[in-house]
Amino acid sequence: MEFRGIMGGFYRISEWIMRLSVINVLWVVCSLPFFFLLASALLNPEITASTDLVLQSLILIAIVAPFTLVPASAAMFTVARKWTTGEEDAPLFKTFFKGYKENYLQSMLGGLVYLAIGGILVVNYRFYGTQGGTLGLVSILFIVLFVLLIASFFNFLSITVHFHMKFFQIIKNSLLITIGNPVNSLFILLSNGLILYFSTRFTFLIPFFMGSLMAVVSFWYFHRSFVRMQEKMEKMELAKAEAEAQKGEDSSQPEGLEERSLTDRYPDAPDREESGPQGDKKA
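In this note's numbering, the protein residues as written are 680 to 962.
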């Protein structure tokens, strides 16, 4: 039975609230060690009062994240991918845990790589931040690089769940997409920053909506950027093919003979490539 009008609108809204909350709860449950350590550090006055204890807690949380938070986030992005590409009725539990299993290794390795790079950037920032003069300004560069790293991480998760690629191809393409499309990267950061801000103000959003909203927003921006890039490449390839065909016909046809278009000569040619750069789309 399909509801129409106002009732139909309320039904669709409640359905999406249910979908987002279910996936977010699964994400929290699969990341439970990470969130337990994070909550323990934030809610313990003894830890927050000591800089050394805060640093130790952050290091422990960072070590746990690649093995819990990152694979769970990849599973959540798997569901977000289904929603964004039109499969809104995909089974939530099955899709989530299938994505968790299939992408665990690559997402875990990616978490370790991004953790290592982030650690290096933080160490360099702290070092140059204590220097005076021109060297002190270098610390700003590491802030910018760290922000780009965060945007790249969201793209890493999107590429991991969207394409069959080797691990280092995923890392490379994540960085290229982030740097090559700075406007899209900025929108990802701003949108997720707003979600994170409101989640800290209204903490009930954290266990029910924060992660799932960030996954949907991040993958939507990534997918939109990828589709536009794909269409641009297809137009360039079509223009190149037409130019080559034109050149060949000019040299072979008698003068004054009417030329046929590329579409007339190849009426059955597909409109769009189904595979992405250096990788096939996942089912």
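Every residue, glycine too, gets a C-beta built ideally from N, C-alpha and C.
- Query: What do you reckon, are the CB atoms on residue 897 and residue 850 nearer than 9 Å?
  - Reply: The residue you call residue 897 lines up with position 218 of the sequence shown. The residue you call residue 850 lines up with position 171 of the sequence shown. Remark: C-beta atoms of residue 897 and residue 850 do not approach each other more closely than 9 Å.
- Give the DSSP-derived three-state secondary structure of residue 842 in the structure shown. Walking along the sequence shown from the start, residue 842 turns up at place 163. Here residue 842 sits in strand by DSSP.
- Query: Is the region 763–771 touching the region 728–736, taking contact as three or more C-beta pairs under 8 Å?
  - Reply: Touching, no.
- Query: Of the choices 818, 903, 777 and 856, whose alpha-carbon is the least far from that of residue 831?
  - Reply: Within the sequence shown, residue 831 is the residue found at index 152, counting from 1. Per the Cα distances, 856.
- Could you have a look at residue 960 and say whether DSSP puts it in helix, strand or coil? Reading the sequence shown from its first residue, position 281 is the one you call residue 960. In the structure shown, residue 960 sits in a strand (DSSP, three-state: E or B).
- Task: Decide yes or no for the touch test of the region 737–756 against the region 790–797: beta carbon pairs closer than 8 Å, at least 3 of them.
- Result: Result yes; three or more Cβ-Cβ pairs closer than 8 Å.
- Take every Cβ of the region 912–930, pair it with every Cβ of the region 863–881, and state whether three or more of those distances are shorter than 8 Å. Between the region 912–930 and the region 863–881 there are fewer than three C-beta pairs closer than 8 Å, too few to call the two in contact.
- Query: Under a three-way DSSP split, which group does residue 774 fall into?
  - Reply: For the purposes of this step, residue 774 is taken as the residue at position 95 of the sequence shown. Here residue 774 sits in helix by DSSP.
- Note down the Cα distance separating residue 872 from residue 683, rounded to an integer number of angstroms. Working through the sequence shown from its first residue, we reach residue 872 at position 193. Working through the sequence shown from its first residue, we reach residue 683 at position 4. Using only the alpha carbons, I get a separation of about 35 Å.
- Query: Ordered along the chain, which non-local residues of its own chain (more than five positions away) have a Cβ less than 7 Å from that of residue 954?
  - Reply: As a first step, residue 954 is located in the sequence shown; it is residue number 275 there, counting from the start. With a pLDDT of 46 at residue 954, under the threshold of 50, the modelled position of this residue cannot be trusted; read the value that follows with caution. Same-chain partners within the cutoff: 960.
- Query: Could you give the distance in angstroms between the alpha-carbon of residue 697 and the alpha-carbon of residue 727?
  - Reply: Here residue 697 refers to the residue found at position 18 of the sequence shown. Here residue 727 refers to the residue found at position 48 of the sequence shown. Counting only the Cα atoms, residue 727 lies some 35 Å from residue 697.
- Buried or exposed (CB count within 10 angstroms, at least 16 for buried), residue 810: One-based indexing of the sequence shown puts residue 810 at position 131. Per the 10 Å Cβ criterion, exposed.
- Query: residue 704 to residue 874, Cα distance in whole Å?
  - Reply: What you label residue 704 is simply residue 25 of the sequence shown in a count that begins at 1. What you label residue 874 is simply residue 195 of the sequence shown in a count that begins at 1. Answer to the nearest angstrom: the Cα atoms are 16 Å apart.
- Going by other Cβ atoms of all chains shown within 10 Å of its Cβ, with 16 needed for buried, is residue 912 buried or exposed? Counting from one through the sequence shown, the residue named residue 912 turns up at place 233. Within a 10 Å sphere around the beta-carbon of residue 912 sit fewer than 16 other beta-carbons, which makes this residue exposed.
- Item | Own chain, CB closer than 6 Å to residue 935, minus 5 neighbours either side, in chain order | Here residue 935 corresponds to residue number 256 of the sequence shown, with the count starting at 1. Any reading at residue 935 must be qualified, since the residue scores a pLDDT of 46, below 50, and its modelled position is unreliable; the value itself is stated next. Taking C-beta separations shorter than 6 Å and ignoring five residues to either side along the sequence, residue 935 has no partners in its chain.
- Give every residue of the same chain whose Cβ lies closer than 6 Å to the Cβ of residue 807, excluding the five residues on either side of it in the sequence, and list them in chain order. In the sequence shown, residue 807 corresponds to position 128, counting from 1. Hits under 6 Å: 814, 817 and 818.
- Check whether the Cβ atoms of residue 781 and residue 757 sit closer than 9 Å, and answer yes or no. Mapped onto the sequence shown, residue 781 falls at position 102. Mapped onto the sequence shown, residue 757 falls at position 78. In contact: residue 781 and residue 757 (Cβ atoms closer than 9 Å).
- Write down every uninterrupted run of the beta strand (DSSP E) in the region 856–917 whose length is 3 residues or greater and which is fully enclosed by it, in chain order. As far as the region 856–917 is concerned, it has no whole beta strand (DSSP E) run of at least 3 residues.
- Query: Is it true that the CB of residue 713 sits closer than 9 Å to the CB of residue 740?
  - Reply: Position 61 of the sequence shown, counting from 1, holds the residue named residue 740. Position 34 of the sequence shown, counting from 1, holds the residue named residue 713. Against a cut-off of 9 Å, the Cβ pair of residue 713 and residue 740 comes out as a contact.
- Task: Could you tell me if residue 822 is buried or exposed, where buried requires 16 or more neighbouring beta carbons within 10 angstroms of its beta carbon?
- Result: Taking the first residue of the sequence shown as position 1, residue 822 is located at position 143. With fewer than 16 Cβ atoms within 10 Å of its Cβ, residue 822 is classed as exposed.
- Cβ neighbour criterion (16 or more within 10 Å) applied to residue 687: The residue labelled residue 687 in the question sits at position 8 within the sequence shown. In the assembly as shown, residue 687 is an exposed residue. Its beta-carbon has fewer than 16 other beta-carbons within 10 Å.
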